[in-house]
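Engineer: Here it is, the structure, as structure tokens.
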Amino acid sequence: MMIRSHPALGPSLRGLLAFGVFVVAGPGCGDDAPQFTLQQVMLEIDGARKDLERSLTTSGGFDKARASAEAMEWWSEDAAFERYLERSDLLANPERFPVLRSEYDVRLAELITHLREGKEEEARSVYPKLTASCDGCHAIYRPVLIPR
Numbered sequence: 004m005m006i007r008s009h010p011a012l013g014p015s016l017r018g019l020l021a022f023g024v025f026v027v028a029g030p031g032c033g034d035d036a037p038q039f040t041l042q043q044v045m046l047e048i049d050g051a052r053k054d055l056e057r058s059l060t061t062s063g064g065f066d067k068a069r070a071s072a073e074a075m076e077w078w079s080e081d082a083a084f085e086r087y088l089e090r091s092d093l094l095a096n097p098e099r100f101p102v103l104r105s106e107y108d109v110r111l112a113e114l115i116t117h118l119r120e121g122k123e124e125e126a127r128s129v130y131p132k133l134t135a136s137c138d139g140c141h142a143i144y145r146p147v148l149i150p151r
């Protein structure tokens, strides 16, 4: 079993630290690896996105912004995010999802590249495109989420 540590544990997993859990299973970790629900994964992505937005508008917040974007990327590789394709609402309208998912992946990668290169204005200009890709997908495929 392959275990990897998470770059920025989100609030819903911080409680696990109290019980001595310091790593989480990531993509490709095997059948006996902990399984996250789609709801957990989406809440972590959304929390990281909110942290990213705050960091992009804070002077000197680009290290935090990069960590938040990288956390979004990490959670987007989780098996639960990939299993999203098995949902019945996607099966009813499957042709649109790959296009929307690709837009999200491209914008997130572009944002991370700008943040790693210290290109603040470019990163800020990509962020609205990233959130538009999230909103476009959720306008069609909306999981039921509980508030953080």
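If you're matching positions, the sequence shown starts at 4 in our numbering and goes up one per residue. From the three backbone atoms N, C-alpha and C, an ideal C-beta is built for every residue, glycine too. Note that this is a predicted model, so its numbers are computed, not measured.
1) Leaving aside the five residues before and after F84 along the sequence, list all residues of the same chain whose C-beta is less than 6 Å from its C-beta, in chain order.
2) Where does K67 sit, in a helix, a strand or coil, going by DSSP?
3) Find out if the Cβ-Cβ distance for the pair S58, G64 is shorter than 8 Å.
4) By a C-beta neighbour count over all protein chains shown, 10 Å radius and 16 as the cutoff for buried, is E120 buried or exposed?
Structural biologist: Taking the coordinates as given:
1) V44
2) helix
3) yes
4) exposed
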